[in-house]
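Residue numbers (the working numbering), protein chains in the order written: chain A, 1 to 215; chain B, 216 to 430.
Ideal placement from N, C-alpha and C gives every residue a C-beta, glycine not left out.
Keep in mind it's a predicted model, so treat the numbers as computed, not measured.
Beneath this line is the structure, given in structure tokens, with notes to follow.
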DNA sequence: TAGATTGTTAATCGATTAACAATC
DNA sequence: TAGATTGTTAATCGATTAACAATC
């Protein structure tokens, strides 16, 4: 069952589609129209309007000349194509502050991410309840992943523990990793890793700080 | 005092420079050589080697034919150009789990970010110590920002409180905002905002989840 | 020297933007 | 109809990659 439409989407397009969706959620809450033009959406997101028309055409949304695009239809289609309309069970490895924040962030549920368990190897943390999750010991990892059919894991461990944990996750069936540790992971190429390196952004922040200073 | 070298760096280049630095920190800890070739560094980061030579040339680092680049010199120059060699005082607004995580993350200090205060408007949180910071009430904002010469703020408030807080920060002299709230901020164009929208990454994560499933 | 590496220019690639006929 | 908007192709722009002479 090849889903022809979503097969050709690259990372940039997916990111923009997520932004369209996010933007339209707020828009549809305020407006009663039910319709939006590519120009309007473009202005809200500081994008080019033809970019939006092209992206929507790529996922098969048809607009109406003289009118625009149906907000509901756009949101539904983006939901299908990106997968945020479905429920994706995930685990968080590392019950530190960041792990707790991600495990308890209610907004994720609205975007299809369902954290089903939170793990840590620190005995002092096991059994605590953080954001509605009882912290589990790592020896429960394989069992819980299997029971909940988890194939997505969020890694918030310190750098030195990340590689080992990642391998164990992959062996337990995880196909996609969201890595918040500063460690570069060495994994089979079939595993998709999104490396969220927050410190990288500091370069741009500092750069603009100096520019605003001198100008 | 025009700093000719760093004036022409764009966002991509800055991001890569941060990655080079991060990578070389680990490298220099393990290796004794003190020298690295563009090919070696490229392999570690899965980049093109000429990209690296071009970036290093852009910041004025000279390599040695037949040898490579001096690791110390590269790191020092990147530190100067990106600003991570300096200390940048910052405040965190929002003492939730994410705010606490960012305020207490020790790794930031090694990249030039010094969190000097953590704020919240919830009276129940004020006075608590989170990651070494006593949570401050918002009415102390202007005073603390001025005293510590803060021009960089990290925003971890919920969406509905973000815009108002951002305006107040800008009025208090903040020039650069690191926005972790899902709210799009409407601010004077002179203010640089880096919008860290974590949910956007979910699109790519889910997409690869489905692909790994079908293949 | 021979071989490996830099520095830099040219070629390629892909993403973004502009333009405009088709449409309602 | 007139005017506004889509859908799509062409043009532009910028980033990445390839190539290779210069260097030690």
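Between residue i and residue j, which are expected to be in contact by the criterion C-beta below 8 Å, what is the C-beta distance as a whole number of angstroms?
i, j, result
"residue 408/B", "residue 363/B", "Residue 408/B to residue 363/B, Cβ: 21 Å. No contact."
"residue 419/B", "residue 60/A", "That belief does not hold up - the Cβ atoms of residue 419/B and residue 60/A are roughly 20 Å apart, past 8 Å."
"residue 285/B", "residue 249/B", "6 Å"
"residue 89/A", "residue 174/A", "11 Å between Cβ atoms; not a contact."
"residue 199/A", "residue 322/B", "7 Å"
"residue 86/A", "residue 112/A", "6 Å"
"residue 74/A", "residue 56/A", "7 Å"
"residue 268/A", "residue 166/A", "In the structure as shown, chain A begins at 1 and stops at 215. Residue 268/A is therefore absent and cannot be evaluated."
"residue 421/B", "residue 82/A", "6 Å"
"residue 97/A", "residue 426/B", "About 32 Å separates the two Cβ atoms, so there is no contact after all."
State the beta-bridge partners of residue i as determined by DSSP.
i, result
"residue 36/A", "69/A"
"residue 407/B", "391/B"
"residue 155/A", "93/A and 179/A"
"residue 120/A", "137/A"
"residue 77/A", "According to DSSP, residue 77/A bridges with nothing at all."
"residue 344/B", "349/B"
"residue 329/B", "304/B"
"residue 260/B", "According to DSSP, residue 260/B bridges with nothing at all."
"residue 382/B", "In the DSSP output, where bridge partners are listed per residue, residue 382/B has none listed."
"residue 417/B", "In DSSP, residue 417/B forms no bridge with anything."
"residue 64/A", "68/A"
Which residues in the same chain have their Cβ closer than 8 Å to the Cβ of residue i, if we skip the five residues on either side of it in sequence?
i, result
"residue 58/A", "5, 8, 9 and 13"
"residue 405/B", "390"
"residue 121/A", "137, 138 and 161"
"residue 438/B", "Summary: the structure shown does not reach residue 438/B, with chain B confined to residues 216 through 430, and so no result is reported for it."
"residue 129/A", "135"
Under 6 Å Cβ to Cβ from residue i, same chain only, skipping five residues before and after it: list those, please.
i, result
"residue 208/A", "none"
"residue 256/B", "267"
"residue 294/B", "300"
"residue 264/B", "253, 254 and 257"
"residue 374/B", "396, 397 and 398"
"residue 231/B", "270"
"residue 105/A", "none"
"residue 329/B", "302 and 304"
"residue 2/A", "With a pLDDT of 38 at residue 2/A, under the threshold of 50, the predicted position of this residue should be treated as unreliable, though the coordinate-derived value follows. Excluding residues within five positions, none has a Cβ falling inside 6 Å."
"residue 348/B", "318 and 333"
"residue 178/A", "154 and 194"
Tell whether a beta-carbon distance below 8 Å holds between residue i and residue j.
i, j, result
"residue 119/A", "residue 95/A", "yes"
"residue 280/B", "residue 260/B", "no"
"residue 400/B", "residue 383/B", "no"
"residue 361/B", "residue 350/B", "no"
"residue 91/A", "residue 144/A", "yes"
"residue 131/A", "residue 103/A", "yes"
"residue 411/B", "residue 201/A", "yes"
The ligand NAP heavy atoms versus the CB of residue i: any closer than 7 Å?
i, result
"residue 423/B", "As presented, the structure is devoid of all ligands, the ligand NAP included, so that no description of it is given."
Residues in its own chain within less than 7 Å of residue i by CB, not counting five upstream and five downstream?
i, result
"residue 170/A", "187, 188 and 191"
"residue 18/A", "82"
"residue 387/B", "356, 357 and 360"
"residue 163/A", "183, 185 and 186"
"residue 157/A", "93, 94, 165 and 181"
Any residues in the region 371-402 of chain B with a beta carbon nearer than 7 Å to a beta carbon of chain A? Which ones, in chain order?
390, 391, 393 and 397
What residues in the region 67-101 of chain A bring their beta carbon closer than 8 Å to a beta carbon of chain B?
82, 83, 84, 86, 88, 96, 97, 98, 100 and 101
Output needed in chain order: residues of the region 325-352 of chain B with a Cβ under 8 Å from some Cβ in chain A.
326, 327, 328 and 346
Taking a Cβ distance cut-off of 9 Å, strictly less, list which residues of the region 43-54 of chain A are near chain B, in chain order.
44 and 45
If you measure beta-carbon to beta-carbon, which residues of the region 402-427 of chain B are closer than 9 Å to chain A?
405, 406, 407, 409, 411, 412, 413, 414, 415, 416, 417, 418, 419, 420, 421, 422, 423, 424, 425, 426 and 427
What are the residues of the region 234-258 of chain B that lie near chain A, defined by any Cβ-Cβ distance shorter than 9 Å?
234, 236, 237, 238 and 241
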